[in-house]
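Residue numbers (my numbering): 37 to 762.
No residue lacks a Cβ here, since even glycine has one placed at the ideal position from N, Cα and C.
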C-alpha cells in the first residue's frame, strides 16, 4: 500500500522538479542571450510575448520597445522603416537580422475607455496614455549562427522574449554581409536617412558590373552624379587585380570633366569620409573625338601647308579646337601644346596635352568599313531592309573575295546611284553628267587641301577624283572609277529591282551623312592624284592606351552631333560601332585563352533609351528595333564571359528595349515616377518609396547583396559637375 501511495506522489514531484529545471534552463538561456545581445550593440526591447511568433513565407515578427527606451533614443533604428534590428535567439544564441517594416503606437488608456479630465491646465490631454510599448513589425532577413563566418537566410523559429538589439556598425556590417570590395555607390541608408551615421559603405563588386547594370531615375534625381562617383571610386579604390577600363558614351559632355576637382565640397560629409574615403578624381581622361571630312577640310584650308604634314596638322588643329571649346573654359588654361603619338596599326594616333594638372589624351576618330567584317558594317545599318542587306552583303563579299579588301561606301553609293538612274532611263553609268552628280554626293566626304577642293570647276574636280588612284590595300589596284564600275557590275548581276537600288543608295548615303564613316583623303603626290580611306583607330588600342595611363575613356557624342549632318542616327552609328569593335576585341583576346587577356571593360551608356528604343511604330521601325535588339543581345550575353560589362542609365525605362531590363542583373532605382516602374520586377517596398526618394538616394537591387536589395545614398559630385541647376 505504501508503494501505491508513494508512486503518484513521487511522479508528481519529479514533474515539478523537471519543470523547475526547465525553467532554470530557459532562464539561463535567456540570460545568456541577453549577454550576447549586450556584446553586439544596445539592447532596446524584446520579441513580443502577446502574440504568436511565426517564421514563414511573408511572415512578420513583432517586437516591443518599452516607452523609456522609445522616447530616449530619437535616432534609434526602431524609429525608421527600412532600418535594421537584431534578435538574439535564446535557443542557440544565433543573431537574426530584422528589417523594420512598420512602427505601431497606440494610447492604451483610450483603448480601455479612460477619458482625460476636462481642465484648462492640461487642455484635455492625457500623457499617461503614451506610456506604452511601441510595437515594431519586421521581416526576417538573414541569420548568423555561432561559429559560422557568413550569414544564411533566416528560416529557424524565434522565441518570445528574445532580446532585441540596435546593432553596432560592425555587427550590422557582418550580418548584412555586404561586399567588402568593389565600386562604391554610397553609404547604407533607409529611404529617409543614413543608417549608423553613414559608416557602412555599399559597394558593387566588379563582377556585378560585368553582369550589367541599369540605373533609373528621373531628371535631377542624381543619375549622372552617381555614375561619376562610381567612376571616381573605381579609379581610386580598386587595386590592379580588380581595376577595369571604363568607356563612357557621353551625350552631354558631362564626363569629360571627370579629372577636374568638384566645384564645392561633397556632402554629406559622413558618406564622403566613409564610403568614399581616399577617393579623388581620376588622374586624367582619354577623349575620343569624332571627326568629319568637313572639319578636316576646313582645318586644311586654314593655311597652305606641304602635303607631307597636311593631314597631321589638320588633326592637330581639330584636337586644339576641341580643347579650347570644351575643356579650356573648365581648366582655366587657354592654350596647350599637343604631342602626337602614333604607331603602326593605330589609325590616326592620338595627342597628349602638355602642361595640365592631369593627363589629357585626345583621339581623333573615324570609322573605316573597308577593313572590318560585313557583319560589323550591317550593325551600322539596323534600319536596312532584308533585300538591301542581301545585296550589300553579296557585293562586299564578292569584292573582298577578289581583292582581299572591301570598297569604300562612297563607291557603293555612287554605283547604286548610277544604276538606279540608269534603270530610270536617265543615262548610262559612263555619262559625265551622272559622274558629276555622283561627285556632288561624294565630295562632302572627301578631305583635300589642294586643287581638288579649290579648283572652282566641278567637272574638273569630278574628273580628277574618279581618275585618282584608289589605295585600299590587299590585291586591289585601280582608280576610284574602277571600283565604282566593279561594284556596279556586281549589283547588276543580282538583277535587282529599281526600288531595291533606291533603298540601297538611300541607306548608304544616310550612313555616310554621319560624316564619320569612310572619310576619303585625296592628295596629289608627284603629279598623281591618290584617294585613300582614313584609318580607324582600333578601340582595342584606345582602351590599351587608357589602361596604361590609368584613365577612363569618353566618347564625346555631343561634339560629334554638332558637326554631323546625320542627326541623332549618326550618334547611334558611333555607339553601335563602339560596342561591336570592343566585343570583337575582347572575343579575340578570350579566344587565345592566355593569362594576359587585357583589362576588363565596362561601357557606361547615358540616356540608353536613345540608343536602344523599346519598339517601333511602323513595320520598318519594328524591323530596325529587332536588329538593334540583336546587337544588344550579342553584346550583353557574350560580353559577360568576355570581360565586357554594360551600365545603362535612363529616366524612362518604358521607352527602353526590354532586353536591357532582362539582361541587367543589378538595378539601381533613384527617384522615379511610379508609372515608369511598371516594366520592372522590383520589391514592393522599393516601388512604394521610389517616387518620394530624396536626391541621390537609391535602392540597389542585386544578386551581389545577400538580402536582395539595400537602400543607399551617394554624395554630391566627387568630380567637377558643371550644372547651373545645383
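Query	Result
Beta carbon of residue 366, beta carbon of residue 296: below 8 angstroms?	yes
What residue from 693, 689, 599, 609 has the CA that sits closest to residue 334's CA?	599
My output table needs one value for residue 656: the three-state DSSP class, helix, strand or coil.	helix
Determine the extent of the alpha helix (DSSP H) in which residue 526 is found, giving its start and end residues.	516-529
Since residue 565 is in the beta strand (DSSP E), which residue starts that stretch and which ends it?	564-569
Could you give the DSSP three-state label for residue 311: helix, strand or coil?	coil
Could you tell me the alpha carbon to alpha carbon distance between residue 56 and residue 62, rounded to whole angstroms?	10 angstroms
At the level of alpha carbons, what is the spacing between residue 344 and residue 540?	For residue 344, the predicted structure reports a pLDDT of 46, less than 50, and the residue's modelled location is therefore unreliable. The matter cannot be settled from this model.
Over the uninterrupted beta strand (DSSP E) stretch that includes residue 640, give me the two end residues.	636-641
Going by DSSP, what residue range makes up the alpha helix (DSSP H) through residue 469?	468-478
If the criterion is Cβ atoms closer than 8 angstroms, does the pair residue 350 and residue 332 meet it?	yes
Does the distance from the CB of residue 648 to the CB of residue 674 come in under 8 angstroms?	no
Closest to residue 88 by CA distance: which of 82, 80, 98, 94 is it?	98
Count the other C-beta atoms from every protein chain shown that fall within 10 angstroms of the C-beta of residue 564, then say buried if there are 16 or more, exposed otherwise.	exposed
Work out the CA separation of residue 617 and residue 669 for me, nearest whole Å.	15 angstroms
From what residue to what residue does the alpha helix (DSSP H) around residue 402 run?	Residue 402 -> no alpha helix (DSSP H), and no H or E assigned at all.
Buried or exposed: residue 273, going by 16 or more other Cβ atoms within 10 Å of its Cβ?	buried
Could you pull the start and end residues of the alpha helix (DSSP H) that residue 335 belongs to?	329-336
Less than 8 angstroms between the C-beta atoms of residue 406 and residue 508, yes or no?	yes
Assuming residue 199 and residue 211 form a contact by the criterion Cβ under 8 angstroms, report the distance between their Cβ atoms to the nearest whole angstrom.	Going by Cβ atoms, the distance from residue 199 to residue 211 rounds to 15 angstroms, so no, they are not a contact pair.
Of all the options 431, 387, 288, which has the alpha carbon lying nearest to the alpha carbon of residue 359?	387
Quick check: the Cα distance between residue 457 and residue 421, rounded to an integer number of angstroms?	20 angstroms
What does the Cβ neighbour count give for residue 709, buried or exposed, with the cut at 16 atoms within 10 Å?	exposed
Curious, which full-length beta strand (DSSP E) runs of at least 3 residues does the region 250-288 contain?	280-286
With a threshold of 7 angstroms on Cβ separation, who are the neighbours of residue 342 within its own chain once the five nearest residues in sequence on each side are excluded?	Note that residue 342 scores a pLDDT of 44, beneath 50, so its modelled location is shaky; the value from the coordinates is reported in the next line. None.
Less than 8 angstroms separating the beta-carbons of residue 197 and residue 85?	yes
For the beta strand (DSSP E) that contains residue 167, what are its first and last residues?	Here residue 167 belongs to no beta strand (DSSP E), and DSSP marks it neither H nor E.
Determine the burial state of residue 59: buried for a count of at least 16 other Cβ atoms within 10 Å of its Cβ, exposed for fewer.	exposed
How do the region 690-698 and the region 441-461 stand: do at least 3 beta-carbon pairs fall below 8 angstroms, yes or no?	no
Please state whether DSSP places residue 74 in a helix, a strand or coil.	helix
Closer than 8 angstroms by C-beta to residue 391: which residues in its own chain qualify, once you throw out the five before and the five after it? Chain order, please.	369, 372, 373
Using only alpha-carbon positions, find the residue among 64, 66, 46, 121 that is nearest to residue 78.	121
On a Cα-Cα basis, can you pick out the residue from 325, 748, 279 that is closest to residue 578?	325
From this set, 163, 73, 426, 551, which residue's C-alpha is nearest residue 536's C-alpha?	426
With a threshold of 8 angstroms between beta-carbons, can residue 698 be considered close to chain D, or not?	Although the question refers to chain D, the structure presented lacks it and comprises just one protein chain.
Between residue 750 and residue 743, what straight-line distance do the alpha-carbon atoms span, to the nearest angstrom?	20 angstroms
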